[in-house]
Structure formats: C-alpha cells, structure tokens
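Take 548 as the starting number for the sequence shown in our numbering and just add one per residue. These notes concern the structure reproduced below.
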Amino acid sequence: MIASFFGTIRELMYPIDLCCEFNASETNWFGWMTNDAAYLHALLFTVSSFHDIAAGRTAQPRTNYHVLKAIRLLNERLADSKMALADSTVAVVMSMAMLCEIAGDVEAARAHSDGLKRIVELRGGIGSFSHAQQLQVKICRVDLSMAITQGSRPYFFQDSISWDSFFESCPVLKRLRPTPSTAMLRTRRLIKPIDRRLYCIFKDVQDFSQLVNFLFQSHQKLQPGIFQDLLTSLQYRILLLDFGIENRFAELLRLSMLAYLTVVLFRLPQVKLQYPFLGSQLRTSCQTFKPANEQERGIFAWAMFVGFMSALDLQDEELTMMLSEMMVPCLGSSWCEVKASLKEVLWIDGIHDALGQEVYEKISK
Numbered sequence: 548m549i550a551s552f553f554g555t556i557r558e559l560m561y562p563i564d565l566c567c568e569f570n571a572s573e574t575n576w577f578g579w580m581t582n583d584a585a586y587l588h589a590l591l592f593t594v595s596s597f598h599d600i601a602a603g604r605t606a607q608p609r610t611n612y613h614v615l616k617a618i619r620l621l622n623e624r625l626a627d628s629k630m631a632l633a634d635s636t637v638a639v640v641m642s643m644a645m646l647c648e649i650a651g652d653v654e655a656a657r658a659h660s661d662g663l664k665r666i667v668e669l670r671g672g673i674g675s676f677s678h679a680q681q682l683q684v685k686i687c688r689v690d691l692s693m694a695i696t697q698g699s700r701p702y703f704f705q706d707s708i709s710w711d712s713f714f715e716s717c718p719v720l721k722r723l724r725p726t727p728s729t730a731m732l733r734t735r736r737l738i739k740p741i742d743r744r745l746y747c748i749f750k751d752v753q754d755f756s757q758l759v760n761f762l763f764q765s766h767q768k769l770q771p772g773i774f775q776d777l778l779t780s781l782q783y784r785i786l787l788l789d790f791g792i793e794n795r796f797a798e799l800l801r802l803s804m805l806a807y808l809t810v811v812l813f814r815l816p817q818v819k820l821q822y823p824f825l826g827s828q829l830r831t832s833c834q835t836f837k838p839a840n841e842q843e844r845g846i847f848a849w850a851m852f853v854g855f856m857s858a859l860d861l862q863d864e865e866l867t868m869m870l871s872e873m874m875v876p877c878l879g880s881s882w883c884e885v886k887a888s889l890k891e892v893l894w895i896d897g898i899h900d901a902l903g904q905e906v907y908e909k910i911s912k
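Below, the structure is given as structure tokens:
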C-alpha cells in the first residue's frame, strides 16, 4: 500500500512532479515511516482514503482504523513539549489537514490547519523550515489550499511577497524559458497596462506552462525546489491580489489563473475536487464581465473553459450556454482548434488535455 503511494498514486495526485527530479532519499519521509508510528498511520490513512475516494465509497474500516490511530498518537505527541514541534509532528498535522479538506470535512481541516500554523509560529515562522524544503512547501500548500477553500487571505508571506517576475529573478528558469508565440505576446500586451503585479504573474504562469510542455515532450526534469518555489510564489501572489468590481477583466483573469493552477498542483483521478468559494467568485465574475473587444472575448472564453475544468459546475445551464455560444467564434469548431486557441493563453498538454476534452464534449453537445 505504501509502495503504491510513492509510485502511481503520488504521480496521479501531483502531476507536476512528473517533470521534477524527485529523490525520496533526500527527505525524511522514509525515516519517519520506519521510526514514527504517528507518521506511518497518517500515511496509511492518506493512501487508504485515496482508494476510498477513487472508488466512490465511504471510508472503509481500515481507513477509520488508521485515522483514529494517527489522531491518538498525534495527541500524545502534542502533549510532549519536546516532540510537539518536531518535523515529523508537522508532517502528521499537515497530512491530516489535507485529507480532511479533500474529504470535505471543512471544520476538521480548519482545526488541523490552525494547529499547523501555531506550530510554525512556535518554531519561529515558516523560514525555520528552510532546512526541509519539501516539508516547507507542503506547509505552504495547506495554507494556500485553505485560503482557496475558505476565500480567505493566505497566512504566510503576507508582508514579504515579491511582486517581481519569478523567471526574471531565477537564472535557471530565465535560461530555460521558451520563446513566447506571437499570440502569447499579443495577450501580454493587452494585460501589461492593467496592473504590473498581474502582468508579472500572467507572464510567469505563461512561461511556466510553456516550460512544462517542453519538459514533458523532451522527457527532461528539473530540481523540484525550483518549480515548487515558483508555484508557491504564483499562488500567494494571486491570492494576495483582489481587483473586485474596480476592474472586472483583471479580476476575471486573476480568478481563472487560480482555477488553472488548482488542476496543475493537485488532482484525484475520476474525482473533481470542490472549490465552492472560488467557484462562486468565478461564476459572479463571468456573469458580470462584459468584453470590450474580440481579444478580451477570447480570453473570456479561455477563462470559462478552464473554470469548468476546476471550480465551475458543468450542470450550470447559464454558464454552459454562455461558453457554448462563444465556443466556435472564439475557440474553434473542433477539439484540435479549441485546444490550439486555449494554448495561446495558458495550457499544459500532459495535465489539461484529458479534462479539457471532457469539458469540450459536454459543452458541444
């Protein structure tokens, strides 16, 4: 069961990791698995829950056994002043928070997330985990995921985020960055005058998407730390922005990029994860936005399309009708044409193709 997590399940849940050089020996995960009962049961709870969710069934006795065991051992750990702040304790709390959120238990997820933040505070802040980058990244993922789910601001990096382009500040990424197409440059020119922060985010997401496409096609890999830092930076910047009704186009683009990245960062096969607050925000944005020209209309069609892949409901007749009416004039009359149009904005073949074709077929009925 554990082998399945570090093999197939992990690749399915974290698709972007396929283009990263993951070396499990460089982390403490395996050591905790053999020496830490609380972490072992939290991991077994994760794997068992994954199988339950993928099978569309309620939690099985084995799943319940592991979660109860993990919680009991975790409570004992938290009562020990020495072990309460240990890395392995953080890993257990983090796993519990993520699984509760996936299962839809918002209150339990919030409780674990609050506990995680408290431990981080007592450790001296998120920077105190710089010695364990993978753990630090996963703590940030919990923070970001809870912010998306609850519609709140993320807890970490509120005052220390850099709004500059991540690609421009990272020599490795700057060197590998593919040349944008003419269509991509047109989109950038449209966005650049709106807001410098939004422009830098969009440019980074576009460069990131092109680079991932190249890595998938060439079977090359990068050190995971580079991508993880980039993705963390992107999501924090997007969540810390808010244009509201002052600029409906900018807000539509912000929300749709957030929806786009939720698919990139985490997924469950045959299960559409729920982001009700993001879905509600994006739905309102789609209903109130009025494109000023054909270029904005094309980006609007892209935004709705990627929205249906993550946060929007394909049973929403009003929005599906809106996209259906824009499909042919804005995106194309076949899946190949539609995909080519979507790729002019933001698209990663190996991650978005299957979901995208499913949305296309449902909208085109």
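All residues carry an ideal CB built from backbone N, CA and C; glycine is no exception.
Less than 8 angstroms between the C-beta atoms of residue i and residue j, yes or no?
i           : j           : result
residue 870 : residue 649 : no
residue 719 : residue 779 : no
residue 895 : residue 811 : yes
residue 644 : residue 663 : yes
residue 730 : residue 800 : no
residue 723 : residue 758 : yes
residue 878 : residue 872 : no
residue 490 : residue 712 : Within the shown structure, residues of the chain are numbered from 548 to 912, placing residue 490 beyond reach of any answer.
residue 592 : residue 646 : yes
residue 651 : residue 824 : no
residue 745 : residue 777 : no
residue 852 : residue 893 : no
Who are the Cβ neighbours of residue i in its own chain at under 6 angstroms, not counting the five residues just before and after it?
i           : result
residue 897 : 763
residue 855 : 861 and 906
residue 556 : The predicted model places residue 556 with a pLDDT of 48, which falls under 50 and marks its position as unreliable; any figure quoted below should be read in that light. Around residue 556: 597.
residue 749 : 738
residue 786 : 694 and 701
residue 899 : none
On the three-state DSSP scale, how would you describe residue i?
i           : result
residue 893 : coil
residue 550 : Residue confidence is low: residue 550 scores 47 on pLDDT, short of 50, so the model does not pin down where it sits. No coordinate-derived value is stated.
residue 859 : coil
residue 812 : helix
residue 825 : helix
residue 769 : strand
residue 652 : coil
residue 760 : helix
residue 794 : coil
residue 741 : coil
Residue i to residue j, Cα distance in whole Å?
i           : j           : result
residue 904 : residue 655 : 35 angstroms
residue 627 : residue 618 : 14 angstroms
residue 608 : residue 631 : 28 angstroms
residue 678 : residue 865 : 50 angstroms
residue 965 : residue 611 : The chain is shown from 548 up to 912; residue 965 falls before or after that span and cannot be answered.
residue 708 : residue 666 : 22 angstroms
residue 659 : residue 829 : 27 angstroms
residue 753 : residue 589 : 36 angstroms
residue 585 : residue 635 : 8 angstroms
residue 701 : residue 802 : 15 angstroms
residue 886 : residue 833 : 21 angstroms
residue 552 : residue 642 : Note that residue 552 has pLDDT 47, beneath the 50 cutoff, so the model's placement of it is unreliable and the number below is only indicative. For residue 552 and residue 642, the distance between alpha carbons rounds to 13 angstroms.
residue 606 : residue 657 : 20 angstroms
residue 911 : residue 841 : 21 angstroms
residue 629 : residue 781 : 35 angstroms
residue 835 : residue 868 : 15 angstroms
Within a Cβ cutoff of 7 angstroms, which residues of the same chain sit near residue i, ignoring the five residues on either side of it in sequence?
i           : result
residue 703 : 673, 687 and 690
residue 857 : 806, 809, 810 and 822
residue 682 : 634, 637, 638 and 676
residue 620 : 584, 585 and 588
Going by other Cβ atoms of all chains shown within 10 Å of its Cβ, with 16 needed for buried, is residue i buried or exposed?
i           : result
residue 848 : buried
residue 595 : buried
residue 876 : exposed
residue 600 : buried
residue 603 : exposed
residue 716 : exposed
residue 901 : exposed
residue 846 : buried
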